Amino acid sequence: MSLPQLPPFFYQIFESLPRQGPGCSEATRKVWSLLPLMSPDAKILDVGCGSGTQTRDLAALTTGTITAVDNHQPFLDIVDAWVRKAGVADRVKTVCASMDALPFDKGSFDLIWSEGAIFIVGFEQGLNLWKPLLKKGGCMVVSDADWFEPNPPKELVSWWESEGYLPVSEAEMKERVKRAGLRLVATCRLPENGWWDNYLVPLVARTTELRKTHGKNPGDSALLDSLEHEADMYRKYKRWYGYTFFVMQNV
Ligand SMILES: C[S@@+](CC[C@H](N)C(=O)[O-])C[C@H]1O[C@@H](n2cnc3c(N)ncnc32)[C@H](O)[C@@H]1O
35 MSLPQLPPFF YQIFESLPRQ GPGCSEATRK VWSLLPLMSP DAKILDVGCG
85 SGTQTRDLAA LTTGTITAVD NHQPFLDIVD AWVRKAGVAD RVKTVCASMD
135 ALPFDKGSFD LIWSEGAIFI VGFEQGLNLW KPLLKKGGCM VVSDADWFEP
185 NPPKELVSWW ESEGYLPVSE AEMKERVKRA GLRLVATCRL PENGWWDNYL
235 VPLVARTTEL RKTHGKNPGD SALLDSLEHE ADMYRKYKRW YGYTFFVMQN
285 V
């Protein structure tokens with residue numbers, strides 16, 4: 035499978051942000067509370083960890099071990115710096131790998147966690163690719179975009195299409211979970227502050243700052259425009275879509 039490569043300027047924008055996608059610590063903690071009881075030495079895989087906000091939250095929720103995976107080493111360097119500072123190197127490690135070719139044995143993990151990243155490989159494809167890595171009875175938690183209301187406005191649909199991705203309803207997402215042979219334990223919508231506080235507000239502050247130095251480069255300027263447009267779309271149409279966490283079990 036060939037997954038899209040992002041331009042270096044994209045990483046320059048995102049490396050200094052608190053998060054690289056919508057999410058918040060309150061939601062991570064709430065969704066954790068929806069899981070069946072985890073063993074104290076649970077083996078957890080965090081896929082598409084970025085600079086690791088949810089990795090840190092997970093490390094506070096478990097005494098188990100966490101393997102945080104991303105294909106961009108500078109994000110993992112940020113996670114590693116935190117691991118050293120927090121003194122958790124015995125139970126949190128990073129692995130640079132692609133989510134469509136994860137280098138782990140079948141049945142290795144009690145829990146696979148992925149916030150805002152499964153869209154890269156595709157929701158159903160990601161479930162199918164990652165499920166074999168779970169132990170029997172193990173759980174998977176992913177967050178992804180879906181429609182909150184039927185009949186979304188044309189402008190919004192066109193924008194999602196231009197992003198190369200079209201959300202579906204939560205009901206269709208649940209069908210995909212079923213087709214992947216996973217039991218749906220619970221769903222939970224990311225609250226609105228999970229979009230603003232650590233994602234869109236810092237993102238737009240960063241694009242405003244970078245416009246001063248990169249605004250004259252047409253390629254860079256187009257990327258800044260498209261990220262600001264993402265914030266505009268959410269401001270205008272947040273009633274119609276959002277992120278939903280899917281909590282699933284490999285029964
Ligand atoms: C939208 S960000 C989400 C990051 C983080 N989970 C969060 O919520 O802040 C998606 C992450 O997936 C990573 N990524 C992109 N393509 C990948 C791939 N093929 N394999 C592994 N990680 C990938 C990106 O580097 C980025 O860190």
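Under my numbering, the very last position in the sequence shown is 285; numbers go up by exactly one each time. Beta carbons are placed, not taken as given, at the ideal position from N, Cα and C, and that holds for glycine. Because the structure is a prediction, the values reported are computed rather than measured.
Between Leu95 and Trp66, the gap from beta carbon to beta carbon is short of 8 Å. In the three-state DSSP reduction, Gln46 falls in the helix class (H, G or I). Looking at the DSSP output, Leu218 sits in a beta bridge with Met282.
Your pair Leu224 and Gly57 checks out as a contact, with CB atoms roughly 7 Å apart and the cut at 8 Å. Around Leu257, the same chain offers Pro41, Phe43, Phe44 and Ile47 as residues with beta carbons nearer than 8 Å, after the five sequence neighbours per side are excluded. Gln54 is classed as buried because its beta carbon has at least 16 other beta carbons within 10 Å across all chains shown.
Straight across, the Cα-Cα distance linking Gly150 with Asp80 is about 11 Å.
Within its own chain, the residues whose Cβ lies closer than 8 Å to the Cβ of Cys222, once the five positions on either side in sequence are excluded, are Ala61, Lys64, Val65, Leu68, Thr278, Phe279 and Val281, listed in chain order. Between Asp134 and Met35, the beta carbon gap of about 5 Å places them in contact (Cβ cut-off 8 Å). Taking Ala220 as the centre and dropping the five residues before and after it, the same chain places the C-beta of Leu68 and Val281 closer than 6 Å to its C-beta, in chain order. In this model, Lys272 and Trp230 are separated by some 11 Å (Cα to Cα).
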